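Structure first, then comments.
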Amino acid sequence: MIDFQNTFIGIWAWLAERWDTFHTAFYLNFIKNDRWQYLWRGLGVTLEVAFFAVLLGAVLGFTVAIIRSTHDKHGRFGLLNFVCRVYLTVVRGTPMVVQLLISYFVIFASVNNKVLVAIVAFGVNSGAYVAEIIRSGISSIDRGQMEAGRSLGLSYWQTLRYIILPQAVKNVLPALGNEFIVLLKETSVAGYIALQDLTKGGDIIRSQTYSAFLPYFAVAAVYLVMVMTFTWLLGKLERRLQTDA
Amino acid sequence: MHSDAENKSGRAVSPILEVEDLKKRFGRLNVLNGISTKIAHGEVVVMIGPSGSGKSTFLRCMNLLERPTSGRIWFGGEEISSGGAMSSDGSLQRLSHARREENVNRYRSEIGMVFQHFNLFPHMTVLDNITLAPRKVLGMPAEEAEKRAMELLARVGLTDKAGNYPSQISGGQKQRIAIVRSLAMKPKVMLFDEPTSALDPEMVGEVLSVMKALAAEHMTMVVVTHEMRFAAEVADRVLFLDGGVILEEGTPSELFNNPKHDRTREFLNKVGED
Ligand SMILES: Nc1ncnc2c1ncn2[C@@H]1O[C@H](COP(=O)(O)OP(=O)(O)O)[C@@H](O)[C@H]1O
Ligand SMILES: [Mg+2]
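And the structure:
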């Protein structure tokens, strides 16, 4: 016959021991010496870099997409179009980490502000992907839309702004959202230029406590929560845009 | 430069639109091979012709959605195919791209165009579709633009659709809205490119009756259509386009009852069968 009481006590003892171990590890990695602050401050840096890089990427992406589309349609902006194509090829043909290293150690070698360099590097990188997404959105719009706008006397730019771009952006919103998520996660390589972002924060804790499990899992969990929140918000936005029109 | 045209009643009137030896080539394809015609104030011209004969291209050249390969177009006495670069004595001045665009935009704002597939802006309500151009091109205050839009909507019986999106209304309603959208710019000429061809048969009538009402108000209209009854009833003049030239023209009764060319007769027989 099974001794229920002893089995129960055994399990309980085992759990208590695990809890003790976990508690000790948790204390060591996060509480002791206020180590949680590495993650907290790192999160701030990650959000700051990602936020401004998204803005820069959006501005660059829209500009490049409009130049490229206008060139494809009207043959204007030959030189600018060439510059844009070089930009797209180089940025999309080289790894992000290498771009970051070159930005920090070569192009902006004299700039001390690591956050600024990271924003520019990630923004310039993201801009290239945003540009191609927006451009595909623009070319997905029926050409009758441009013609209708122009036939009413709207200028090319007015038609682009009021008629083409709103529809184009709506069509590529999922791809844009995905690009922003990719960018957020990609900022995790910022540690290569010794920027103390969220990932680097976890790394520093590990180097102090010699335990990898908790710091890295905590870092992963924070990214996951951010991405899931953003995905959820994006879904809401998409549904809202779907209902009108 | 532009002599007087005559309308159906034989009255000499100055043309609002005058096209002189218009040619259009796409790559190696010669689509328009020298079209000349004058369109008088208040005239209703119906253009017919087989598919691919260049009817759409001709209309699109008239509001410069296509750039003519050669030839001239005068609008209200002003040469516009050069983008305003030609002065009244016929000499060409240098104009920047931006200046030419400006002139072309102003010119287009005075010519309405209605498309086969409506081309309403799907991301805007009916009201916004109508008020966008008056606000952005004419600088009309939003309130005034909306008031005017509602008046025009009332004329086509669609005030209750003002807040709807294009996806929520029928094809016939869309086309009536598209006409109203053009009218909101107070155009001097309206161009129609097969406005009823994409409609279910039961919706053709409601669009044609709006067009008839416009004609009755002496709007200058150039209409590409296969609706021969409409042409017979409303047109002052019918043009038969074939192979990029005006093969034959005349009053509806001349052209429909006594076509001079075999090609015209052939075409009319074919259309009559439908
Ligand atoms: N943008 C364009 N590029 C090349 N070919 C064109 C273009 N637009 C029209 N065409 C050609 O010109 C000819 C006349 O077309 P269109 O004016 O649309 O005729 P219709 O309206 O009388 O049917 C067709 O052969 C068509 O394929
Ligand atoms: Mg056509």
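Quick note, the sequences are listed as chains A and B, same order.
Quick note, the first sequence lines up with residues 4 to 248 if you use our numbering.
Quick note, the second sequence lines up with residues -9 to 264 if you use our numbering.
By construction, the Cβ of each residue, glycine as well, lies at the ideal position given by its N, Cα and C atoms.
All of these numbers come straight from a predicted model, not from anything done at the bench.
Cutoff 8 Å: residue i Cβ touching any chain B Cβ
{"i": "glycine 78 of chain A", "result": "no"}
{"i": "tyrosine 41 of chain A", "result": "no"}
{"i": "serine 139 of chain A", "result": "no"}
{"i": "leucine 147 of chain A", "result": "In the sequence under discussion, the amino acid at residue 147 of chain A is glycine, which differs from the leucine named in the question. Cβ-Cβ to chain B under 8 Å: yes for glycine 147 of chain A."}
{"i": "isoleucine 70 of chain A", "result": "no"}
{"i": "tyrosine 195 of chain A", "result": "no"}
{"i": "isoleucine 122 of chain A", "result": "no"}
{"i": "alanine 151 of chain A", "result": "yes"}
{"i": "serine 158 of chain A", "result": "yes"}
{"i": "proline 169 of chain A", "result": "yes"}
{"i": "lysine 173 of chain A", "result": "yes"}
{"i": "tryptophan 166 of chain A", "result": "One detail in the question is off: residue 166 of chain A reads as isoleucine in this sequence, not tryptophan. Chain B, which has a Cβ nearer than 8 Å to the Cβ of isoleucine 166 of chain A, makes this yes."}
DSSP state of residue i mapped onto helix, strand, coil
{"i": "glycine 17 of chain B", "result": "coil"}
{"i": "threonine 97 of chain A", "result": "coil"}
{"i": "aspartate 190 of chain B", "result": "coil"}
{"i": "lysine 28 of chain B", "result": "strand"}
{"i": "methionine 37 of chain B", "result": "strand"}
{"i": "phenylalanine 25 of chain A", "result": "helix"}
{"i": "phenylalanine 125 of chain A", "result": "helix"}
{"i": "arginine 243 of chain A", "result": "helix"}
{"i": "valine 149 of chain A", "result": "The identity of residue 149 of chain A in the sequence shown is methionine, whereas the question assumes valine. Reduced to three states, the DSSP call for methionine 149 of chain A is helix."}
{"i": "methionine 175 of chain B", "result": "coil"}
{"i": "aspartate 6 of chain A", "result": "coil"}
{"i": "proline 131 of chain B", "result": "coil"}
{"i": "leucine 49 of chain B", "result": "helix"}
Contacting residues, own chain, Cβ-Cβ under 8 Å from residue i (five flanking each side not counted)
{"i": "tryptophan 235 of chain A", "result": "none"}
Per-residue burial, residue i [other beta carbons within 10 Å of its own, 16 or more giving buried]
{"i": "lysine -2 of chain B", "result": "Confidence at lysine -2 of chain B is low in this model, with a pLDDT of 46, below 50, so its placement is unreliable and no value can be given for it."}
{"i": "proline 58 of chain B", "result": "buried"}
{"i": "alanine 64 of chain B", "result": "A quick correction: the sequence has tryptophan, not alanine, at residue 64 of chain B. Classification of tryptophan 64 of chain B: buried, given that the 10 Å Cβ count is 16 or more."}
{"i": "aspartate 232 of chain B", "result": "buried"}
{"i": "serine -7 of chain B", "result": "Summary for serine -7 of chain B: the model assigns pLDDT 42, below 50, so the residue's position carries little reliability; its value from the coordinates is reported in the next sentence. Its Cβ having fewer than 16 others within 10 Å, serine -7 of chain B is exposed."}
{"i": "isoleucine 167 of chain B", "result": "buried"}
{"i": "histidine 113 of chain B", "result": "buried"}
{"i": "isoleucine 3 of chain A", "result": "For residue 3 of chain A there is no data in the structure shown, the boundaries of chain A being 4 and 248."}
{"i": "threonine 202 of chain A", "result": "buried"}
{"i": "phenylalanine 16 of chain B", "result": "exposed"}
{"i": "asparagine 248 of chain B", "result": "exposed"}
{"i": "serine 71 of chain B", "result": "buried"}
{"i": "serine 129 of chain A", "result": "buried"}
Chain-order list of residues whose beta-carbon lies under 6 Å from that of residue i (same chain, five-residue window excluded)
{"i": "threonine 120 of chain A", "result": "It is valine, not threonine, that sits at residue 120 of chain A in the sequence shown. The residues are Ser106, Tyr107, Phe111 and Val114."}
{"i": "isoleucine 122 of chain A", "result": "Val52, Phe55 and Ala56"}
Neighbour flag for residue i against chain A, beta carbons, 8 Å
{"i": "arginine 90 of chain B", "result": "no"}
{"i": "arginine 96 of chain B", "result": "yes"}
{"i": "phenylalanine 105 of chain B", "result": "yes"}
{"i": "lysine 126 of chain B", "result": "yes"}
{"i": "asparagine 93 of chain B", "result": "no"}
{"i": "glycine 0 of chain B", "result": "Caution applies to glycine 0 of chain B, whose pLDDT of 46 falls short of 50 and renders its modelled position unreliable; the value that the coordinates give is listed next. Answer no: the Cβ-Cβ gap between glycine 0 of chain B and chain A never drops below 8 Å."}
{"i": "phenylalanine 111 of chain B", "result": "yes"}
{"i": "serine 99 of chain B", "result": "yes"}
{"i": "methionine 175 of chain B", "result": "yes"}
{"i": "leucine 85 of chain B", "result": "no"}
Residues that residue i contacts on chain E, provided the C-beta gap is smaller than 8 Å
{"i": "asparagine 53 of chain B", "result": "The question asks about chain E, but that chain is absent: this structure's protein chains are A and B."}
Check whether residue i and residue j have beta carbons under 8 Å apart
{"i": "glycine 147 of chain A", "j": "histidine 107 of chain B", "result": "yes"}
{"i": "leucine 179 of chain A", "j": "valine 133 of chain A", "result": "yes"}
{"i": "arginine 227 of chain B", "j": "threonine 241 of chain B", "result": "yes"}
{"i": "threonine 210 of chain B", "j": "lysine 178 of chain B", "result": "yes"}
{"i": "isoleucine 166 of chain A", "j": "phenylalanine 111 of chain B", "result": "yes"}
Contact test: residue i Cβ vs ligand 4 heavy atom, cutoff 7 Å
{"i": "aspartate 232 of chain B", "result": "By its list of ligands, the structure shown excludes ligand 4, since it contains just ligand 1 and ligand 2."}
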